[in-house]
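K.L.:
Residue numbers (my numbering): 299 to 433.
(1) Looking only at its own chain, which residues have a Cβ that is under 6 Å from the Cβ of residue 328, when we skip the five neighbours before and after it?
(2) My guess is that residue 310 and residue 337 are in contact by the Cβ rule of under 8 Å, so how many angstroms apart are they, rounded?
(3) If I follow the unbroken beta strand (DSSP E) through residue 333, where does it start and stop?
(4) By alpha-carbon positions, which one of 404, 350, 400, 422 ends up nearest to residue 382?
(5) With H, G and I counted as helix, E and B as strand and the rest as coil, what does DSSP make of residue 309?
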């Protein structure tokens, strides 16, 4: 019996209107055999968490360029916990200064991918993160 494909929600939180990177990642994940749910632009933390819960996602990916990551990401993590979905691994990508990464990881973001990261690295991370959650 084959295992269901990994379900990944890719979300663009906040007022950021640029989604090329998120679409590149979504396509790479799809090409790697994953099921990708892309929420579209300008999603609130509540909308993102609702999508994770409704879609029974294995992993959540956040893409941000606006600089609001230190406010938005902790709110998403708080809402995931409130909804009983804090076991869903969360990764992020976009324009995130090196100085902000330790705090975001301490808050619960498992990995942060900056511009120039290979899509293969993202796929590998998701496969490992999803495998831990399914074990």
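For every residue, glycine included, the Cβ atom is placed at its ideal position computed from N, Cα and C.
P.N.:
Answer, in terms of the structure:
(1) 334
(2) 7 Å
(3) 333-336
(4) Nearest of 404, 350, 400, 422 to residue 382, Cα basis: 350.
(5) strand
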